[in-house]
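The block underneath contains the structure these notes are about, expressed in structure tokens.
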Amino acid sequence: MDTMRIAPLHAAPPARKSAGPGAVLLLSLMLAPLPAAFVLPPPAVAAESLALSTAINMAGRQRMLTQRMTMAYAQIGLDVQTDEARQRLEAAVQQFESQLATLQVSATTPEVKTALVQVDALWRPFRAIVTAAPTQAGARELIVQNEALLAAAQDVVLRLQAQSQTPAAHLVDLAGRQRMLSQRIGKFYMLSAWGLASPELSAEMQKAGEQFRSALDELRKAPQNTPEISADLQEVDRLWVVYERAFRLRDGQQYIPTLVAVTSEKILQQMDRITGLYEKLMAAK
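Rendered as structure tokens:
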């Protein structure tokens, strides 16, 4: 795979002063081994007996996948790590459909079942666009459609979480949302680099960054944290410093999408691991 190709800067100004030490840190991350594509681990139990903690984690992944698919779609359009982006998009489509089917079979309340019907209805037109050849017109459609699909997926999480009013359930939800935000930031960045920049996209990217930082601070202070979780969150904090610096290096319309793609993938995988650890804490209660 073309893992080490550095995409050219998009719409870069004629000259720019050195970014200083921050650029060195970003470059070191770029040269690190590229994470494998995020792949959903199969449930350890039959869908009919899916544990609530597992269902919350799985529904949380659905939120993430809505953003991941659009981010990968824009990457392909940008011709940035195209092979990796195409693999991630195909895997995300399969994961979303597989998880949706699992959640539908395992749903035990009318509220959750109704929420999943809405997700299924929104998924069909979204899938038709995201599996077609990327175009800017298609991307504009996805900007609207994936917000609706994200909201519907979030509704499923909230209805599942309402069945378990425990601190551990909240932590599974909060950590799972960090996965989504890592991809949401990358999505807005890739769309902007592709020529679809707007004040609205910039504002949403800034908002997502603020939400990620706030939630990371809350997770680090959680009294339920084990030493393993605390160490993993410290690593996320280190990665976040790099990621935030990367997606904010766009003054003068200078974009570095390859660095953003690599860093977002590392944060996603780390947060997925942490969410799984919180899921185990919830299941043990």
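Going by our numbering, the first residue of the sequence shown is number 394, and it counts up by one from there.
Ideal placement from N, C-alpha and C gives every residue a C-beta, glycine not left out.
Burial is judged here by how many other beta carbons sit within 10 angstroms of a residue's own beta carbon; residue 614 has fewer than 16 and is exposed. When rounded, the separation of the alpha-carbon atoms in residue 608 and residue 671 is 14 Å. Shown here, residue 678 sits in coil according to DSSP, grouped into three states, outside any helix or strand. Taking residue 656 as the centre and dropping the five residues before and after it, the same chain places the C-beta of 422, 632, 635, 636, 639 closer than 7 Å to its C-beta, in chain order. Pairing residue 480 with residue 454 gives a Cβ-Cβ distance that is not under 8 Å.
In the displayed model, residue 632 falls within a helix according to three-state DSSP. For the 8 Å CB-CB criterion, residue 589 and residue 532 form a contact. When rounded, the separation of the alpha-carbon atoms in residue 612 and residue 581 is 24 Å. Taking one beta carbon from each stretch, the segment 543-551 and the segment 449-465 have 3 or more pairs nearer than 8 Å; the two touch. Counting along the chain, residue 507 sits inside the alpha helix (DSSP H) bounded by residues 503-523.
For residue 648, the three-state secondary structure derived from DSSP is coil.
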